[in-house]
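These notes concern the structure reproduced below.
Numbering (the UniProt record's numbering), first residue to last: 1 to 720.
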């Protein structure tokens with residue numbers, strides 16, 4: 001298709017009805033482009049839409065597409081009609097109440113007339129406007145005049161909407177929608193009121209003739225246009241619902257935006273939603289004109305219905321989210337108050353877990369039976385809070401605690417799984433995990449009320465947390481899980497006081513506490529105060545080099561003469577040298593747990609050594625030298641390997657000054673001479689992260705970076 005030099009459009013048509021393409025050349029002048037008779041179109045084999053497109057090309061006219069307009073395009077056009085300083089004194093609530101009265105009665109009347117006895121008649125709650133309300137009649141008539149007798153066209157609907165918005169420039173977005181619907185309701189309500197009264201009231205009969213009511217209600221016409229009338233009526237009902245939700249969002253604006261973050265997203269989009277509501281009302285007005293007209297014109301309301309239903313469903317979802325967030329905020333405030341003045345742990349537990357009037361029994365993991373929550377009354381409760389991404393290791397850590405506390409019957413463990421959005425698969429996973437736990441479990445975790453409180457007050461970020469509460473409901477420890485991972489049942493009764501005591505009295509023996517569970521050979525290896533080198537790293541070449549040189553080191557005659565026995569243990573390697581990510585994961589998890597038990601206290605030499613070791617986690621190599629369960633030194637792979645390589649430079653002093661003194665003194669000399677950057681990675685999901693951190697090496701304040709990591713695996717192996 002092209003325009004030649006004479007300005008004549010040449011159209012090449014292809015008839016694909018046969019297997020061989022047949023081509024014909026038609027010459028259509030611009031003047032005749034819109035006047036091709038239908039028989040000619042049929043004879044030439046041209047489809048109507050082809051001729052329309054031909055006409056568009058000739059005239060340069062492009063068909064307007066209302067439903068392909070972007071939100072940005074709509075906003076650009078409607079913001080140009082809106083005054084910044086809107087009139088907030090207008091009582092749109094009273095007006096909407098009147099409009100709702102009119103349209104609910106009118107739409108019910110339509111359903112009754114068109115569907116007869118098939119329709120269910122509902123009781124309509126009448127809204128009474130404020131005594132001070134004054135109807136803006138001239139404004140309503142002005143809007144109504146914009147919508148009267150407009151031809152059916154998407155472009156006309158758009159232009160009419162902009163004209164209405166220009167007239168309502170000083171009103172709020174919600175008021176614009178209510179006023180437009182009110183202008184339409186006057187016409188629609190009057191039409192169907194006359195339809196009811198025309199047979200019994202002379203004045204109504206005369207007015208109804210002018211309004212062409214008898215024409216539409218004539219049985220033959222009504223039967224023919226029945227479906228169109230019902231579609232119009234249903235579209236009006238939907239639009240009424242949309243505008244009602246605008247009002248509900250407006251009422252939520254008094255809440256703190258921090259409590260209802262979804263509200264900002266919803267209200268930011270209200271202008272576009274108002275645009276679609278008004279466009280739909282305009283389309284409804286046009287359809288009513290067509291239904292009462294002698295000439296049947298095509299005006300499909302389906303695209304408008306589809307769009308306004310989309311808007312309605314979106315708004316309903318946003319409103320539901322807002323209400324959930326408000327409920328969570330109110331629960332959060334109540335919980336903060338409850339925990340400030342606790343009285344009884346069962347009542348605190350109820351407030352934390354259950355929504356109002358939804359208290360459910362717990363599941364006893366040992367019997368698989370449900371039990372009343374009264375079982376928790378006057379007990380110490382250990383709330384085991386986690387996502388569903390927990391490993392068997394996480395569960396196994398608590399099993400000895402369960403057995404230990406079961407004896408006195410004063411401590412109860414309750415699993416509280418936290419999941420934002422439950423699915424069938426997640427429920428199955430929940431049931432699988434629940435069966436592995438002998439303690440109590442919340443029966444319906446989808447209804448947990450205090451999720452926000454758990455996240456914000458106890459810094460829950462997905463990783464297992466163990467909150468310890470006294471029989472009075474006082475929080476004795478906001479996360480004892482790290483303490484239990486390090487000290488096990490020794491940490492009983494799992495309070496912050498106990499943690500501090502253990503840290504002070506057993507802090508120097510932290511190596512034994514961390515490594516005792518990672519491999520069955522280690523307890524025997526560490527007894528009798530034997531020296532053990534624990535080592536590992538990201539670089540297998542460094543590990544192999546260290547293994548070779550350290551083996552020669554520990555077998556040096558100087559140590560045999562001094563009766564010094566040194567063992568080697570490569571963390572992350574099995575007995576045959578294969579990678580063992582399970583051991584490596586448990587080792588670093590233990591170090592991280594130890595770090596969390598120390599990082600909120602005054603720094604000491606033990607905490608600095610733990611931080612130092614944690615800073616080596618992602619280095620090519622690292623090593624820890626212990627004597628029995630106690631630490632001798634931690635070091636970067638470079639410095640430790642250098643000390644081993646330089647054995648001949650310091651070994652002559654071993655007999656006189658001792659192995660530990662000689663090793664640590666020479667290591668300090670090497671470390672100070674060559675200090676690489678110190679990087680400390682603290683998993684943000686394991687609890688409260690300190691805002692500032694001193695370098696364990698030079699004691700300067702460390703810079704803060706944020707990084708994200710995924711190893712595509714679950715459980716403790718994810719630490720590798």
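No residue lacks a Cβ here, since even glycine has one placed at the ideal position from N, Cα and C. All of these numbers come straight from a predicted model, not from anything done at the bench.
Original post:
Are there 16 or more other CB atoms within 10 angstroms of the CB of residue 614, so buried, or fewer, so exposed?
Top reply: buried
**OP:** Report yes or no: do the region 236-255 and the region 271-285 share at least 3 C-beta pairs separated by less than 8 angstroms?
**Re:** yes
Subject >> Residues near residue 620 by beta carbon distance below 6 angstroms, same chain, minus five either side >> reply: 537, 538, 539, 542 and 637
Original post:
Is residue 751 buried or exposed, if buried means 16 or more other CB atoms sit within 10 Å of its CB?
Top reply: This structure does not reach residue 751, given that the chain is present from 1 up to 720, and the question cannot be answered.
**OP:** Assuming residue 393 contacts residue 671 (C-beta within less than 8 angstroms), just tell me the rounded distance between them.
**Re:** No, residue 393 and residue 671 are not in contact; Cβ-Cβ is about 34 angstroms, not under 8 angstroms.
Original post:
Buried or exposed: residue 348, going by 16 or more other Cβ atoms within 10 Å of its Cβ?
Top reply: buried
Original post:
Alpha carbon to alpha carbon, how far is residue 388 from residue 572?
Top reply: 26 angstroms
Original post:
How would you call residue 198, buried or exposed, if buried means at least 16 neighbouring beta carbons within 10 angstroms?
Top reply: buried
Subject >> residue 264 burial status per 10 Å Cβ neighbour count (16 or more: buried) >> reply: exposed
Original post:
Secondary structure at residue 435, three-state DSSP: helix, strand or coil?
Top reply: coil
Subject >> Where residue 573 sits in the DSSP three-state scheme >> reply: strand
Original post:
To which residues of the same chain is residue 66 closer than 6 angstroms at the C-beta, ignoring the five residues directly before and after it?
Top reply: 154 and 158
**OP:** Taking residue 129 as the reference, give the member of 123, 93, 149 and 143 with the closest Cα.
**Re:** 93
**OP:** Alpha carbon to alpha carbon, how far is residue 383 from residue 410? Give it in angstroms, no decimals.
**Re:** 14 angstroms
Original post:
If you draw a straight line from the C-alpha of residue 84 to the C-alpha of residue 78, how long is it?
Top reply: 12 angstroms
**OP:** Have a look at residue 43 and residue 298 and give me their C-alpha separation to the nearest angstrom.
**Re:** Annotation note: pLDDT 44 at residue 43 (below 50); position unreliable, no value reported.
Subject >> Whole runs of the alpha helix (DSSP H) within the UniProt domain "Sieve element occlusion C-terminal" (514-579), excluding any shorter than 4 residues >> reply: 522-526, 540-554 and 557-561
Original post:
Cα-Cα, which of 69, 178, 161 and 142 is closest to residue 97?
Top reply: 178
Original post:
Can you check whether the CB of residue 346 is closer than 9 angstroms to the CB of residue 779?
Top reply: With the chain represented from 1 up to 720, any question about residue 779 goes unanswered, as that position is not in the structure.
Subject >> residue 635, buried or exposed, once every other Cβ within 10 Å from all chains shown has been counted against 16 >> reply: buried
Subject >> Uninterrupted alpha helix (DSSP H) stretches inside the region 203-233 (no shorter than 4 residues) >> reply: 213-217 and 219-224
Original post:
Ordered along the chain, which non-local residues of its own chain (more than five positions away) have a Cβ less than 7 angstroms from that of residue 91?
Top reply: 130 and 133
Original post:
Three-state secondary structure (DSSP) at residue 412?
Top reply: strand
Original post:
Out of 191, 245, 186 and 125, which has the shortest C-alpha to C-alpha gap to residue 173?
Top reply: 245
**OP:** Return the bridge partner residues of residue 380 from the DSSP annotation.
**Re:** 411
Original post:
For residue 50, which three-state DSSP category applies?
Top reply: Per-residue confidence for residue 50 stands at a pLDDT of 44, beneath the threshold of 50, marking its modelled position as unreliable; the derived number appears in the next sentence. Helix, per DSSP.
Original post:
Can you tell me whether DSSP reads residue 611 as helix, strand or coil?
Top reply: helix
**OP:** Tell whether a beta-carbon distance below 9 angstroms holds between residue 594 and residue 643.
**Re:** no
Original post:
Under three-state DSSP, which class holds residue 400?
Top reply: helix
**OP:** Could you tell me the distance, in whole angstroms, from the CA atom of residue 495 to the CA atom of residue 399?
**Re:** 18 angstroms
**OP:** Starting from the N-terminal side, write out each stretch of the alpha helix (DSSP H) that is 4 residues or longer and does not extend beyond the region 323-396.
**Re:** 345-353
Subject >> residue 34 to residue 135 span [Cα, whole Å] >> reply: Bear in mind that the predicted position of residue 34 carries a pLDDT of just 38, short of 50, making it too unreliable to give a figure here.
Original post:
Taking C-alpha atoms, which residue in 376, 429 and 439 lies nearest to residue 367?
Top reply: 439
**OP:** State the DSSP-derived secondary structure class of residue 461, mapped to helix, strand or coil.
**Re:** coil
Original post:
Under the three-state reduction of DSSP, which class applies to residue 641: helix, strand or coil?
Top reply: helix
Original post:
Would you say the region 441-460 touches the region 334-344, given that touching needs at least three Cβ pairs under 8 angstroms?
Top reply: yes
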